[in-house]
Amino acid sequence: MVRHVLARLGVTAFVAVLLGFFALPMLWLATAPFDAGASIRVSVPEFTLANFRALLVNPFAVGSLVNSAVQAGGAAALVVVLAALAAYALSRVQVPGRDLLLYLLLLMSSIVTGTAAMVPIFELATRLNLIDTHLGVILVVSGGLLPAAIFILKDFTDATPASYEESARVFGASPLQILRHVVVPLIRPGLATIAVWTVANVWGGFLLQFILIRDPGLAPGSVILYTLYTEGGQPDLPLVSAFSLVYSLPVVLMYVFVSGRYGFRFHGGIKR
Amino acid sequence: MGTDAAGLGRGRAMAFILPALVLIGVFLVFPALWTVYLGLTDYRLTGLAAAEPRFVGLDNYAAALTDARFGSSLWLTVQFVLGSAVAGQAVLGFAVAWVARGLRTPVRRAVEGLVLLSWILPGSVVAFLWIALLDRDGGTLNALLNTPGTAWLLDHPMLSIIVFNIWRGTAFSMMLYSAALENVPPSHLETARLAGASTACQLGDVVLPRIKGHVLTNLLLISLWTFNDFTPFLLTAGGPEGRSEILPVYVYAIALNGGRLGAGAAVSFLILLINLVFALIYLRLLRARNAPPTAAAPGGRGPV
Amino acid sequence: MRLPRRPATTLGALVTALTLAVTAAGCGGESGGGGAITLTITQNAISGGKNAKGADWIKNWVIPRFEAAKRAAGQNVRVRFQPNGVEDEVYKTKIALDLKSGRGADVIDIDGIWIGELAQAGYLRPLRELAGAAVDTWEGWKQIPPAVQGLGIFEGRKYALPVGTDGRVLYYNKELFARAGLAAQWQPGSWREVIDAARALKRLPGVTPLQINAGTAMGEATTMQGVLPLLAGTGTEIYSGGKWTGGTGALRDVLGFYREVYSGGLGDPRIQQEAQGRDKSFLEFAEGEIGILAEGDYFWRSVVDPVVGVNPMKNRDRVVGYALIPAARPGAGLRGQDFVSMSGGSARVLNPRSRYPALAWELLSFMHSAAAVEAELGGEARVTARTDVNDKVLGRDPMLSFVAEKVLPVTAYRPPLAVYPEVSAALQEATAAVVSGRSPEEAAAAYHHRLTELVGASAITPA
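Chain order of the listed sequences is R, G and X.
Per the numbering used here, the first sequence starts with residue 1, numbered consecutively.
Per the numbering used here, the second sequence starts with residue 1001, numbered consecutively.
Per the numbering used here, the third sequence starts with residue 2001, numbered consecutively.
In structure tokens form, the structure reads like this:
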């Protein structure tokens, strides 16, 4: 009993410290967006909502959130579907050198995200007529994210028992049906993880998006954020902080929604 | 291996893999190989070397390997990866995922939401947050600890960016482990608990074997990403005196500020090779421990 | 069990198919709809954000008027504006990528210092080659002083029309000066007098006497506001006659000045090392915590401006003084001057791949006509490239007329070469070394070594 109480206390203390650690740096974000004279110091704000109003009149701010959603949503859909197909096949059918290949692709993805790969990616996008299109951003970003996504999902499919698939097969289900109705429900937490992870990656990405998109009407929020700096490179902190807040909250809300609805809950068997 | 439970067959398996492979081939492998080739030239984006890049063989590699800055930068990066990713994000991420299971829903949402928010916020904004926290004059931390004038970012640059990166990146490990833990049937844990197993024993005997694949994947990925993470630059600008100049900052200085894309590409490839070493170490460590349980086949962490 | 051959060919076919599909789906480049000719302007400016005034001017003034003028002449011309809002280095990357692949706007606004490296790469061509004799006969040339025209000139040929220029001065806080017993009207005649004033300010508690940018975290602000004006004060340019200045006596003198400031407690060494050090120096000056600050006129217009400033000072006009940067000793400066400065500025070029170069030149020169330049200011005072406009508008602001009348005659420009950013970084490292306690000799020797690696020993001025 005492042990139980102590464990409870330990957990509570841990959660308290955790909340403190993650919340403390956010203080600035709680004050600066509402402060007429925001600086890089946390201070009691001269309260105002003018920063948010300024964003509403900004010709690109609101639209950029939609663009971010299109690009992130498109990439997430593409990555989840392609990675699920590939991960499932790789998990179930032995392909020689499969793990080595996956590692190599994964390592290559680190090169492509670096500044040095800008020129090849830009030339490629130019030749394929992908400049200034959402599709261009989605394809380029997905190419870079897929290896890691396959990697993660393969672990999830590896961990699902094959017996369900065998019985489904006995009842005459096709492989695609088995994947949709048997495997997908089982690896749902993994799929949700990949979706959220992809969205988060695209949401914050800047350099690639900036180079591929010319029309600011198509630019995502991460690019528009940088327009809120002065000609001398000084951030307009009240606006920058207000925009970041508006820009970040949708993803957190999405996570809360996804985690409540689709993932992160055990499904102890086939339910449908 | 007879795991083709769904009767996929090799042909259909290829069809499943192909779309991803094509996309990866066009938008990942192709530009990556091109970049590797650029690493063998003196290519620049502007200036005379942009008009006529010359093939310089391994000169860029030789230059990097003999540059003292590269050496110190590599060592700092290893510290950064071990400290913030392996010891920090992976452990804390698992702890959060584990503890969160037993929390009431609102508390759990608050914890997860905050952890996630620190991951989602744009890098430039995160930099402001942390400067506001660690600033020597007006910093929140100094106000809390009553240590006015302590310049955390200047006196402890590596510690600062390591703690920063733990804060920044724990969300991914948390998410991955939460999802992985969902696949550990609660009944198993319940049985272990009723049999009087302590938390440590539950973790070691019941949980770890089941999520070993996820642990490996997680370590590989977060190491790779941390190796390539540029955000600390926004906090310390690599300084003071290069004492927090990790490799991505080094590449940035060469490739974007210096415009030497060839040299930058070469260093990127070196980073890749170092990551390969890390990957091999993780594999060896986890495989060695993987020996006793049933699914020990290399690469095929088969169905349980 | 080997991989069958077939997937490889299938893969190849699929790549081709995907490429074709994507090409078809892409939103096919230029639309030449309706017989109209389309011209595009790009600039690192965007409505509602960075340099919003410039963006609004192009949208609301340049485009409608130019289109109307062309329509009156019977030509159907449409002009589009492509805004940007990013860090300069990133903007440069995008422009270079565009020019390299034969795309990009017809009229491009760039930092004057990029012209050399872009021209060397073959991305730009001289205006005359593109637009012919019309360039030589343009009315504006006689309004632009030769030094300012130099912003658009590389290897003796004109590549660009300069937009405007700026200058660097010493700002000082008159209230702090009064408290330290110094005169409210201050113009130091030598480095010694700057140091003396700083010594007097040092007595005030909580005040940093002098902020002269140093270190790598400040980036180009260290070179432009610190090293180069000081170097000019010793009569030396960083690049002249095809040679770079090495770790010579002049550079050692400059670094010696840094040491006097930062090891003598006259400056705050730590702010030079902080990632946001420059922003912080602005904030501290605005809050009356810095006595003397070396900065460009940007600081006056956009940082401490009482209305639009990032760190507004309501009493700016009363409290903030400005003085010329003195040479090391009277007469020791560049060209034997008593005072020195450094300048930069943006300029507009024509895209060599423009389909309508003559028309693009018409647009470009229209944007640099007196009426257009005045409209661009939108009531603000700023040093433009045109003397006729400056005469009209600078009277509105004493600081900017000071720059035009006193600073520009003594100023100098940076070399527009691709290797310059790396030389600049090496200079920043030298100052960083001195600030953290190494000797000027040591730092100068390390710089010399680095410079040799960058440009080769034969391209360095013999000591």
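Glycine residues also receive a C-beta, built at the ideal position from the N, C-alpha and C atoms.
No experiment lies behind these values; they were computed from the predicted model shown.
- [ ] Going by CA-CA distance only, name the one from X:T2223, X:G2104, X:I2238 and X:R2192 that's closest to L2350 (chain X).
- [x] Numbered from 1 along the third sequence, position 350 holds the residue referred to as residue 2350 (chain X). If we check each option's Cα against that of L2350 (chain X), X:G2104 comes out closest.
- [ ] Would you mind sorting M254 (chain R) into buried or exposed? The rule is 16 or more other CB atoms within 10 Å of its CB.
- [x] One-based indexing of the first sequence puts residue 254 (chain R) at position 254. That one is buried.
TODO: Determine which residues of the segment 199–225 of chain R have a Cβ less than 8 Å from any Cβ of chain X, and write them out in chain order.
DONE: L207, F210, I211, R214, D215, P216, V223 and I224
TODO: Go to D2317 (chain X), then tell me how far its alpha helix (DSSP H) extends in each direction, as first and last residue.
DONE: Here residue 2317 (chain X) refers to the residue found at position 317 when the third sequence is read from its first residue. That run of the alpha helix (DSSP H) goes R2316 to V2319.
- [ ] Grab me the residues of L237 (chain R)'s own chain with a C-beta within less than 8 Å of its C-beta, minus the 5 sequence neighbours each way, in chain order.
- [x] Within the first sequence, numbered from 1, the residue matching residue 237 (chain R) stands at position 237. Once the five neighbours on either side are set aside, the close Cβ partners of L237 (chain R) are A32, A38, S39 and I40.
- [ ] Check whether the Cβ atoms of S2401 (chain X) and L2394 (chain X) sit closer than 8 Å, and answer yes or no.
- [x] As a first step, residue 2401 (chain X) must be located in the third sequence, where it is residue number 401. As a first step, residue 2394 (chain X) must be located in the third sequence, where it is residue number 394. Yes, the Cβ-Cβ distance between S2401 (chain X) and L2394 (chain X) is below 8 Å.
Open item on the list: I want to see whether chain R comes within less than 8 Å of L1221 (chain G), judged by CB atoms only; does it?
Closed with: The count along the second sequence starts at 1 and reaches residue 1221 (chain G) at position 221. Answer yes: the Cβ-Cβ gap between L1221 (chain G) and chain R drops below 8 Å somewhere.
Task: Beta-carbon neighbours of E46 (chain R), restricted to chain X and to distances below 7 Å - done: Here residue 46 (chain R) refers to the residue found at position 46 of the first sequence. Residues of chain X passing the Cβ test: none, with the nearest at roughly 13 Å.
Task: Simplified DSSP assignment, three categories, for K1212 (chain G) - done: Indexing the second sequence from 1 puts residue 1212 (chain G) at position 212. Residue state, collapsed to three classes: helix.
Task: Contact with chain X by A1013 (chain G), beta-carbon distance below 8 Å - done: Looking up residue 1013 (chain G) in the second sequence gives position 13. So, not an interface residue.
Open item on the list: Against Q2273 (chain X), what residues of chain G qualify as contacts under a CB-to-CB distance less than 7 Å, listed in chain order?
Closed with: Working through the third sequence from its first residue, we reach residue 2273 (chain X) at position 273. Under the 7 Å cutoff, chain G gives L1154, G1239 and P1240.
Open item on the list: Contact criterion: CB-CB distance below 8 Å. Does V2022 (chain X) meet it with respect to chain R?
Closed with: The residue labelled residue 2022 (chain X) in the question sits at position 22 within the third sequence. Reliability of the predicted coordinates at V2022 (chain X) is poor, the pLDDT of 43 falling under 50, and no value is obtained from them.
Open item on the list: Contact defined as beta carbons within less than 8 Å: I believe F60 (chain R) pairs with A242 (chain R). What is the distance between those atoms, to the nearest angstrom?
Closed with: Counting from one through the first sequence, the residue named residue 60 (chain R) turns up at place 60. Counting from one through the first sequence, the residue named residue 242 (chain R) turns up at place 242. At roughly 15 Å, the Cβ-Cβ gap does not stay under 8 Å, so F60 (chain R) and A242 (chain R) are not in contact.
Task: Partner residues on chain R for P2083 (chain X), Cβ-Cβ distance less than 7 Å - done: Mapped onto the third sequence, residue 2083 (chain X) falls at position 83. The contacting residues are P216.
Task: Test: N1257 (chain G) CB closer than 8 Å to a CB of chain X - done: For the purposes of this step, residue 1257 (chain G) is taken as residue 257 along the second sequence, with counting starting at 1. For N1257 (chain G), the nearest CB of chain X lies under 8 Å from its own CB, placing it at the interface with that chain.
Open item on the list: Would G2296 (chain X) and Q2225 (chain X) be called neighbours here (beta carbons separated by less than 8 Å)?
Closed with: By one-based count along the third sequence, residue 2296 (chain X) stands at place 296. By one-based count along the third sequence, residue 2225 (chain X) stands at place 225. Result yes, Cβ atoms of G2296 (chain X) and Q2225 (chain X) sit closer than 8 Å.
Task: Pick from X:A2131, X:G2074, X:Y2091 and X:S2047 that is closest to A2360 (chain X), judged by C-alpha positions - done: Indexing the third sequence from 1 puts residue 2360 (chain X) at position 360. The candidate whose alpha carbon is nearest that of A2360 (chain X) is X:A2131.
Open item on the list: Restricting to runs no shorter than 3 residues, where is the beta strand (DSSP E) found entirely within the segment 2167–2199 of chain X?
Closed with: 2168–2173
TODO: Under 7 Å Cβ to Cβ from L176 (chain R), same chain only, skipping five residues before and after it: list those, please.
DONE: Within the first sequence, residue 176 (chain R) is the residue found at index 176, counting from 1. Excluding positions up to five away in sequence, the list is empty.
Open item on the list: Could you check whether the segment 141–157 of chain R touches the segment 1064–1075 of chain G, counting it as contact only if at least three pairs of C-beta atoms, one from each stretch, sit closer than 8 Å?
Closed with: no
Open item on the list: As a quick exercise: from R:V44, R:L186 and R:L107, pick the residue whose alpha carbon is nearest that of P147 (chain R).
Closed with: The count along the first sequence starts at 1 and reaches residue 147 (chain R) at position 147. It is R:L107 whose Cα lies nearest to the Cα of P147 (chain R).
TODO: Counting only the same chain and skipping the five closest in sequence on each side, list residues whose C-beta sits under 7 Å from that of N2390 (chain X).
DONE: Taking the third sequence and counting its residues from 1, the one referred to as residue 2390 (chain X) is at position 390. V2383, T2384 and A2404, listed in sequence order.
Open item on the list: Is the separation between the beta-carbon of L2334 (chain X) and that of A2412 (chain X) shorter than 8 Å?
Closed with: Locating residue 2334 (chain X) in the third sequence gives position 334, counting from the first residue. Locating residue 2412 (chain X) in the third sequence gives position 412, counting from the first residue. The Cβ atoms of L2334 (chain X) and A2412 (chain X) sit closer than 8 Å to each other.
TODO: Kindly indicate if chain X contains any beta-carbon less than 8 Å away from that of G144 (chain R).
DONE: The residue you call residue 144 (chain R) lines up with position 144 of the first sequence. So, not an interface residue.
Open item on the list: Let me check you understand the geometry: is the CB of V44 (chain R) closer than 7 Å to at least one non-hydrogen atom of the ligand COA?
Closed with: In terms of ligand content, the structure shown is empty, and the ligand COA therefore cannot be addressed.
Open item on the list: Within a Cβ cutoff of 7 Å, which residues of the same chain sit near W2057 (chain X), ignoring the five residues on either side of it in sequence?
Closed with: Reading the third sequence from its first residue, position 57 is the one you call residue 2057 (chain X). Within the same chain, W2057 (chain X) has close Cβ partners A2375, E2376 and G2378.
- [ ] Pick out whichever of X:L2230, X:L2210, X:P2188 and X:A2183 has its Cα sitting closest to the Cα of V2254 (chain X).
- [x] In the third sequence, the residue the question calls residue 2254 (chain X) occupies position 254. Checking every option, the nearest Cα to that of V2254 (chain X) belongs to X:L2230.
Task: Separation of I131 (chain R) from G174 (chain R), as counted between CA atoms - done: Against the first sequence, residue 174 (chain R) aligns to sequence position 174. Against the first sequence, residue 131 (chain R) aligns to sequence position 131. The identity of residue 174 (chain R) in the sequence shown is Ser, whereas the question assumes Gly. Cα-Cα distance, rounded: 40 Å.
Task: Exposed unless 16 or more other CB atoms sit within 10 angstroms - verdict on P2269 (chain X) - done: What you label residue 2269 (chain X) is simply residue 269 of the third sequence in a count that begins at 1. Under this definition P2269 (chain X) is a buried residue.
Open item on the list: 8 Å is my cut-off, CB to CB: does R1284 (chain G) come that close to chain R?
Closed with: Taking the first residue of the second sequence as 1, we reach residue 1284 (chain G) at position 284. No, its Cβ sits nowhere closer than 8 Å to a Cβ of chain R.
Task: Sequence-distant residues of the same chain with beta carbon closer than 6 Å to G190 (chain R), five excluded per side - done: Counting from one through the first sequence, the residue named residue 190 (chain R) turns up at place 190. Same-chain partners within the cutoff: L153 and F156.
Open item on the list: If we define contact as Cβ-Cβ less than 8 Å, is G1047 (chain G) a contact residue for chain X?
Closed with: Residue mapping note: residue 1047 (chain G) aligns to position 47 of the second sequence, counting from 1. Cβ-Cβ to chain X under 8 Å: yes for G1047 (chain G).
- [ ] Could you tell me which residues DSSP puts in a beta bridge with R2078 (chain X)?
- [x] The residue you call residue 2078 (chain X) lines up with position 78 of the third sequence. Per DSSP, X:T2038.
Task: Three-state class that DSSP yields for R2465 (chain X) in the structure shown - done: The structure shown does not extend to residue 2465 (chain X), since chain X is modelled only from 2001 to 2463, so the question has no answer here.
Open item on the list: Just list the residues that DSSP pairs P2162 (chain X) with in beta bridges.
Closed with: Position 162 of the third sequence holds residue 2162 (chain X). In DSSP, P2162 (chain X) forms a bridge with X:A2347.
Task: Between the CA atoms of Q1202 (chain G) and A2045 (chain X) - distance to the nearest angstrom - done: The residue labelled residue 2045 (chain X) in the question sits at position 45 within the third sequence. The residue labelled residue 1202 (chain G) in the question sits at position 202 within the second sequence. Answer to the nearest angstrom: the Cα atoms are 59 Å apart.
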